[in-house]
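Residue numbers (full-length UniProt numbering): 2 to 461. Cβ coordinates follow ideal geometry from the N, Cα and C atoms, glycine included. First up is the structure itself, then whatever we jot down about it.
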Ligand code: ARG
């Protein structure tokens, strides 16, 4: 006997193209573990409250566990006729248990069910992503620890500004990822609320116990309003916001690595394990990994935009539009996990900094000009006056094809009598960096403190 999805209100079957259009099983099968877990909690609650018998409850749980292991063994592959994962599981349960299987959906709707599944799914993905962020931070930290005294040009407007410790530069990304990790923790808190028992939209006539299922599923609380519970996707949007920011950070870092790997910068060499070649230009070595990360960022932004637009015109409560939330979430999760993984490998073993190039870079520009102005200001010259004078010094140097360090003491003193022999040590790159010893600055002492604090941050 053919099992019909809909009630007997329907006289004929769906048009095959419409059935295909309507179905979500091709992608929401990803939720199956969570669907089964949610259904087990629901079945236990039905028995606990006496809505079904203890024995029926046990049968339902056993049947659901059987489906779980069938799925794990590759023996449960529902087709399009099942419509979605929820129907697929319920059908199989009824095949296994007969009439008892048909009791599972008592006091429940697919609306609170899918909301529960999605939250359970996202909750566990958030934890996995947080773990990956920690691993990435660890790699950053290890790289920073051995590069405290490696100097790299610091930029504003992509123009040489002031040299910094390479560790300081890497720790900037560490801190961005720290915020990402914390933000995900916030999203987790609001994701971890149970809509189960909200029913289709209005609650149920059965004496269910929503707090009982919430507890079984480790939710921290329950939705207070059933209409809100079945139609809220704030948590998904918040997740995509947090995800978009993670991608912003990975993409900025990618952009820098791409620049650094160019001949023009030449700050890093890509190792063969993490670079690719060209099909025609034999000399090429391309930074495909950071380029892909930069490119994939758009997908996640797009999914965020899609969900915002999806929600903005929805009347309460459930609307089928909501089925569109899943692929956005699944693809974002997959994208973020793969980007974090690839970037971690790239950083841990795919690139090598080129000390000679970095050293040439920081020794051959005017990025110590601020320090000349600071030198004068520290000796009583008002800063703005010192700033103007050093501007003139730089112009003179450019005309003479000299760097600041090439000026003779006589030349310095002609410019201002306050200059003395120690001007040379004051403008040496490592001194320039060391001197920026204000809290959070690039001074080596501060960077060592920052490394220590960073270690504590990821242990907390
Ligand atoms: N596949 C559906 C979804 O993902 C499940 C909920 C269907 N509910 C409904 N009233 N048609 O949203």
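Worksheet item: Hey, is the region 235–250 in contact with the region 335–346, meaning 3+ C-beta pairs nearer than 8 Å?
Response: yes
Worksheet entry | Distance between residue 94 and residue 2 (C-alpha atoms, nearest Å) | Bear in mind that a pLDDT of 41 at residue 2, under 50, signals an unreliable position, so the number given afterwards is only what the model happens to contain. Approximately 16 Å, taken between the alpha carbons.
Worksheet item: At a cut of 8 Å, does the region 146–158 reach the region 434–452 through at least three beta carbon pairs?
Response: yes
Worksheet entry | contact_flag[the region 121–134, the region 341–359] where n(CB pairs < 8 Å) is 3 or more | yes
Fill in: Residue environment, residue 46, which counts as buried when at least 16 other CB atoms sit within 10 Å
buried
Discussion item. Going by beta-carbon coordinates alone, are residue 260 and residue 254 separated by less than 7 Å?
Written reply: no
Worksheet entry | Best match in 60, 19, 59 and 120 for proximity to residue 39 [C-alpha to C-alpha] | 120
Practice prompt. Note down the Cα distance separating residue 269 from residue 285, rounded to an integer number of angstroms.
Written response: 15 Å
Practice prompt. Rounded to whole angstroms, what's the CA-CA distance from residue 275 to residue 288? Just pull it up for me.
Written response: 8 Å
Discussion item. Just to confirm my understanding: we take residue 368, look at its own chain, exclude 5 residues before and 5 after, and list those with CB closer than 7 Å. What are they?
Written reply: 154, 161, 162, 163 and 164
Practice prompt. Say yes only if the C-beta of residue 332 is nearer than 6 Å to one or more non-hydrogen atoms of ligand 1, and no if none qualify.
Written response: no
Worksheet item: Should residue 517 be labelled buried (16 or more other beta-carbon atoms within 10 Å of its own) or exposed?
Response: Because the chain is modelled from 2 through 461, residue 517 falls outside the range shown and cannot be assessed.
Item to complete: Look up residue 201 in the DSSP assignment and say whether it is helix, strand or coil.
Response: coil
Worksheet item: Is any heavy atom of ligand 1 found at a distance shorter than 6 Å from the C-beta of residue 10?
Response: no
Worksheet item: Going by the beta-carbon positions, is the gap between residue 27 and residue 84 smaller than 7 Å?
Response: no
Discussion item. For residue 411, count the other beta carbons within 10 Å of its own beta carbon; 16 or more makes it buried, fewer makes it exposed. Which is it?
Written reply: exposed
Worksheet item: Can the beta-carbon of residue 418 be found less than 7 Å from the beta-carbon of residue 363?
Response: no
Worksheet entry | Short Cβ contact (7 Å threshold) for residue 60 with residue 115 | no
Discussion item. Whether or not the region 175–184 and the region 19–35 are in contact is what I'm after, with contact meaning three or more pairs of Cβ atoms, one per stretch, closer than 8 Å; do they touch?
Written reply: no
Practice prompt. Compare the beta carbon distance of residue 330 and residue 42 with 7 Å and say whether it is the shorter of the two.
Written response: no
Discussion item. Output needed for residue 213: all residues of its chain with C-beta closer than 7 Å, excluding positions within five of it in sequence on either side, in chain order.
Written reply: 46 and 49
Fill in: Supposed close pair residue 223, residue 195 - CB separation, criterion 8 Å
5 Å
Worksheet item: Any heavy atom of ligand 1 closer than 6 Å to the CB of residue 112?
Response: yes
Worksheet item: If you measure from the CB of residue 85, is any heavy atom of ligand 1 nearer than 6 Å?
Response: yes
Worksheet item: Cα separation between residue 86 and residue 184?
Response: 30 Å
Worksheet item: Hey, is residue 323 close to ligand 1, as in C-beta under 6 Å from one of its heavy atoms?
Response: yes
Worksheet entry | Simplified DSSP state of residue 444, which is helix, strand or coil | coil
Discussion item. Considering only the alpha carbon of each residue, which of 239, 333, 200 and 167 lies closest to residue 304?
Written reply: 333
Worksheet item: If you measure from the CB of residue 115, is any heavy atom of ligand 1 nearer than 6 Å?
Response: yes
Worksheet item: If you drop the 5 nearest sequence neighbours on each side, which residues of the same chain put their C-beta closer than 6 Å to that of residue 248?
Response: 298 and 301
Discussion item. Using the three-state DSSP reduction, which class does residue 70 fall into: helix, strand or coil?
Written reply: helix
Discussion item. Spatial neighbours of residue 169 within its chain, please: C-beta separation below 7 Å, excluding the five flanking residues on both sides.
Written reply: 443 and 448
Fill in: Test item: CB-CB of residue 108 and residue 209 under 7 Å
yes
Worksheet item: For ligand 1, any of its heavy atoms closer than 6 Å to the Cβ of residue 25?
Response: yes
Fill in: Exposure of residue 464, with buried meaning 16 or more beta-carbon neighbours within 10 Å
Outside the shown range of the chain (2 to 461) lies residue 464, about which nothing can therefore be said.
Worksheet item: Near residue 10, what residues of its chain come up, given a Cβ to Cβ distance below 7 Å and the 5 sequence neighbours on each side ignored?
Response: none
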